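Numbering (full-length UniProt numbering), first residue to last: 1 to 303. Ideal Cβ positions, reconstructed from N, Cα and C, are used throughout, including at glycine. In this text, all values refer to a predicted model and were calculated from it rather than measured experimentally. Everything below concerns the one structure shown next.
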């Protein structure tokens, strides 16, 4: 076998792996290694100043699970996630459906829905924390005008979650709407024409034509919203001037609790344990989404 023929064989066999290797190398450096190192830190008595201590196994996990603050942060994280993700997906689909029509200055409107995403989270949090002020906030002023008592947005648990969820929806609804808009524009227009010939109105076309063709995109948005929603930090951190999640942890999320353990208590071991538990929570919910995805795909195949 000649050298040229051997080189050609090697090129066909190994060059595809060479082309995709940058992604795996980058993932190993910025993704896999930090994850493994976090697990290593979580099994050690690790101090911010003193560094690595002795191996203590699962003691950090047991200490974290035994604290009331952890369970409160878990409750707050799931609550804010549910209050933000579900309305966000529904609103994004409706906005995308409106933008899919031949509106005047449609480029302007499509760019306009992306403006809240461009605004920095700190600016959004500062604005909304003032809007939802307990004493002089604009929202409470409007409520009092219509005869409703002022709400303690910073003192109550559920009101604070609603306020923070409003911030999240403000930032991300337009971004997800553009993703849904791109998916809607990929739907063949022949389907709409056939539905219109059959006598289907706009609402029926939306339910029977648009939504079924958006299923893969809806699943993608749900998964990405799950990952981002469970890692929420900026909005609750900036909801008041103290950044501790409330006087009794009313809106302290798991990432805020992790931050407190690592940088306030200087206990990197327990902070890493919280990070591992949060990772497992995201994986668990991701598996649920995967199972739902498979069921939806199998049902479409049977049809």
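{"Query": "Could you tell me the distance, in whole angstroms, from the CA atom of residue 242 to the CA atom of residue 264?", "Result": "13 Å"}
{"Query": "Suppose the cutoff is 6 Å on Cβ atoms and the five residues either side in sequence are ignored; what does the same chain contact list for residue 52 look like?", "Result": "44, 46"}
{"Query": "Identify whether residue 279 lies in helix, strand or coil by the three-state DSSP scheme.", "Result": "helix"}
{"Query": "So, with DSSP's three-state summary, where would you put residue 109?", "Result": "helix"}
{"Query": "DSSP state of residue 66, grouped into three classes?", "Result": "coil"}
{"Query": "Under a Cβ-count criterion, where at least 16 other Cβ atoms within 10 Å of its own Cβ denotes burial, should residue 132 be classed as buried or exposed?", "Result": "buried"}
{"Query": "Distance check for residue 32 and residue 23, CA to CA, integer angstroms please.", "Result": "12 Å"}
{"Query": "Measure the C-alpha to C-alpha separation of residue 117 and residue 145 and round it to an integer number of angstroms.", "Result": "31 Å"}
{"Query": "Examine the Cβ distances between the region 156 to 170 and the region 184 to 197 and report whether three or more of them are shorter than 8 Å.", "Result": "no"}
{"Query": "Please say whether residue 80 and residue 232 have beta carbons closer to each other than 8 Å?", "Result": "yes"}
{"Query": "Around the Cβ of residue 62, are there at least 16 other Cβ atoms within 10 angstroms (buried) or fewer (exposed)?", "Result": "exposed"}
{"Query": "For residue 76, count neighbouring C-beta atoms within 10 Å of its own C-beta (all shown protein chains included) and say buried if the count is 16 or more, exposed if not.", "Result": "buried"}
{"Query": "Quick check on the burial criterion: 16 or more other C-beta atoms within 10 angstroms. Buried or exposed for residue 237?", "Result": "buried"}
{"Query": "Going by C-alpha distance, which of 229, 122, 200 is nearest residue 87?", "Result": "229"}
{"Query": "Can you pull the DSSP bridge partners for residue 53?", "Result": "DSSP, once it has assigned bridges, lists no residue as partnering residue 53."}
{"Query": "At what residue ranges does the region 86 to 151 contain a whole run of the alpha helix (DSSP H), taking only runs of 4 or more?", "Result": "106 to 112, 115 to 118, 121 to 131, 138 to 145"}
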